[in-house]
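Written out below as structure tokens is the structure these notes cover.
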Amino acid sequence: MSWLERTIGAVLRAGVIASSLALAVGLLLQFMHAPGAQLLLHAGILTLLATPVARVVVSIVGYIHERDWTFSTLTAIVLLELLASAVAALVFKKHL
Amino acid sequence: MPVVTPALAAIIFVAGAVSGGFGALLGIGGGVLLVPFLNLGLHLPFTVAAAISLTTVIATSSSVSAARAGKQLINMRLGMLLEVATAAGSLFGGVTAQMIAQSTVQKVFGVVTALVAIIMLTRLQRRNVILDPDVDPGALGGRYHEEESGCTVTYQVKRLPLALAASFVAGNMSSLLGIGGGFIKVPVLNAWCGIPVRAAAATSAFMIGVTATAGAVIYYGNGQLVPALAASAVLGVQLGSWGGMRFGQRASAMWLKLLMAVVLFVVSAVMFTRGIQ
């Protein structure tokens, strides 16, 4: 298994475990009306959303390391598209 | 926005488990079942339903791909190339979802689910292509070891522009309808681009995390993603897909597909009728 595949597997696994834990505990706290529930739930959602982004960032690093300029560029474009959707979200929020 | 009660969270957890279980059994995402349940069954706005479903798509993609990373079934290079098209499609679909009426999206959903059902029926007896192991996989092709047959499968990627176009459409439908979009990519990659169905499905499952994130971010930024409900659905789907994969070894795939096609035609009809009312 290559460094890239190993790292991608580890990033995805860590992201799923961390977000599921935060979401589960956040949900329990919410129904116990305990403080910090919303914070944990949002942290869980953001971790979930950040996991594929982190996977793309790791891929860029991996391809640069392999001096594979075609795939470094392609994965960088995917990262830019993800950033563009975050920008689109902010633009729309202003108009609503 | 819906009021989050423990009962609502529990219902969504169970719905997530059921759709995740079916999704794992049938190799399709559970979103195509979860979205209509949330929208028509629980009367959540379509955008709220789609946002919840997209978070479950991300969780499924991440956990399935984490388990498969390094087993060569996922064609990472092909996946990352096609992601350029799915992420663009998803961005476009997410923006579109903010601008068009719920009834229009429901009509699109009705048509798309009917198409999924038809695709499922035409692929009841899918055949495995016999591939020459000595072929050069080329820059984008792949090679993996198939456990059942014990042989090494090698394939080349053909008709790349078609694969990119299908990926763009899949990304578009993904963020607009809150589904994974694998049912659009996998048949195209398998039937016309020379990719074995298992590799196509694994690569698609790998890609939909990025696709769904591009869409989910837009819903989240607009306050349409209710964290507590998304949490219930994500946890339910994780449990369901784990169970589905266990049970999947014993169930007859053909009967499941037939049952699923019938369910999808019903979902399609109900969603479409709601859209034109």
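Top to bottom, those sequences are chains A and B. Under our numbering, think of the first position of the first sequence as -17, with each following residue one higher. Under our numbering, think of the first position of the second sequence as 133, with each following residue one higher. All residues carry an ideal CB built from backbone N, CA and C; glycine is no exception.
Around the CB of Leu22 (chain A), 16 or more other CB atoms lie within 10 Å, so the residue is classed as buried. The secondary-structure analysis by DSSP pairs Arg209 (chain B) with nothing; it has no beta-bridge partner. Between Ala198 (chain B) and Trp324 (chain B), the alpha-carbon positions lie close to 28 Å from each other.
Taken through DSSP and simplified to helix, strand or coil, Thr343 (chain B) comes out as helix. When the Cα atoms are used, Ser400 (chain B) and Gln356 (chain B) turn out to be separated by approximately 24 Å. Neighbourhood of Ala346 (chain B) in chain A, by CB distance below 7 Å: Glu63, Leu64, Ser67, in chain order. Arg275 (chain B) is bridged by DSSP to B:Thr286. A Cβ of chain B is located within less than 8 Å of the beta carbon of Val60 (chain A).
The stretch 201 to 220 of chain B makes contact with the stretch 320 to 336 of chain B; the number of CB pairs closer than 8 Å reaches 3 or more. The DSSP-derived three-state label of Ala6 (chain A) is helix. If you look at Gln238 (chain B), you'll find it in the alpha helix (DSSP H) that goes 234 to 254. With the rule of 3 Cβ pairs closer than 8 Å, the stretch 270 to 290 of chain B does not count as touching the stretch 220 to 234 of chain B.
At least 8 Å separates the beta-carbon of Phe300 (chain B) from that of Ala183 (chain B).
Residues of chain B whose Cβ lies closer than 7 Å to the Cβ of Val(-2) (chain A) are, in chain order, Ala191, Ser194, Ser195, Ala198. Comparing C-alpha distances from Gly163 (chain B) to each of B:Lys239, B:Ala332, B:Phe404, B:Val369 shows the shortest one belongs to B:Val369. Interface flag for Leu396 (chain B) against chain A is unset, since no Cβ pair is found closer than 8 Å. Contact between Arg37 (chain A) and Leu(-6) (chain A) holds: CB atoms are separated by about 6 Å, below the 8 Å threshold.
Residues of the stretch 21 to 42 of chain A whose Cβ lies closer than 8 Å to any Cβ of chain B, in chain order: Leu23, His24, Gly26, Ile27, Leu30, Leu31, Thr33, Pro34, Val35, Arg37, Val38, Ser41.
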